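A.B. asks: Using our numbering, you'd call the opening residue of the sequence shown number 2 and step up by one each time. We put the CB at the ideal spot given by N, CA and C, even for glycine. Note that the structure is predicted; figures quoted are calculated from it, not measured.
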Amino acid sequence: MIRRMLPASAAGALAAALLIGGSAPAAHADAAATHTKAEKISFAKNLTQNSLGSARDWLWARKYKDSKGIKDYGFNWNTNYCSNSPDTVAGVSFKNACARHDFGYRNFKALVGVSKLISDHKTRIDKAFYADMLIACTSASTTKKKISCQNTALTYYQIVKRYIPS
2 MIRRMLPASA AGALAAALLI GGSAPAAHAD AAATHTKAEK ISFAKNLTQN SLGSARDWLW
62 ARKYKDSKGI KDYGFNWNTN YCSNSPDTVA GVSFKNACAR HDFGYRNFKA LVGVSKLISD
122 HKTRIDKAFY ADMLIACTSA STTKKKISCQ NTALTYYQIV KRYIPS
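Here you go:
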């Protein structure tokens, strides 16, 4: 489902990708190839909000990242997940949370530079990362594992909050 929070151009791209299996109509393909920097920033911002809807939209966009409608934004979907920290804690995977965090940092750094990433986007991306991990922790099989997961999520969040991208 395409959420209302997506910009019209992004919603159209997502709809085209979903409905026709990865290729947009010719007229749309020409328009999609010329996304402005502002459109790219707007779409990336919508995919990195601290909300469940944004997380769902990001997962959907990631799944269809190779479709014409998404690919035309030129986003960097590469990830090293949780870098040198465990991706799984107390039986709970933080991979999606870490991948979305990487997406935010990498794409905003490319779109606006490090100083604007830090001043305008880092706090939002970091808070979304923490929320994504806490949501993942709800799947822990026991209360003890859930608490361990939540404590680790807080530790990861505190680390990225202090981290200054370069």
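Look at the Cβ atom of A56, then the Cβ atom of Y82, and state whether they are nearer than 8 angstroms.
C.D. replies: No, these two residues do not count as a Cβ contact at 8 angstroms.
A.B. asks: Since S94 sits in a beta bridge, which residues does DSSP pair it with?
C.D. replies: Partner(s): T89.
A.B. asks: Return helix, strand or coil for L112, following the three-state DSSP convention.
C.D. replies: Reduced to three states, the DSSP call for L112 is helix.
A.B. asks: Return the CA-CA distance between W78 and A132, expressed in angstroms with no decimal places.
C.D. replies: Going by the C-alpha atoms only, they are around 20 angstroms apart.
A.B. asks: Please determine if the stretch 64-75 and the stretch 84-100 are in contact, where contact requires at least 3 C-beta pairs separated by less than 8 angstroms.
C.D. replies: No contact exists between the stretch 64-75 and the stretch 84-100.
A.B. asks: Would you call the CB atoms of L112 and I160 closer than 8 angstroms?
C.D. replies: No, the pair does not count as a contact, with Cβ atoms beyond the cut-off.
A.B. asks: Would the beta-carbon of A137 fall within 8 angstroms of that of V93?
C.D. replies: Cβ distance < 8 angstroms, so A137 and V93 count as in contact.
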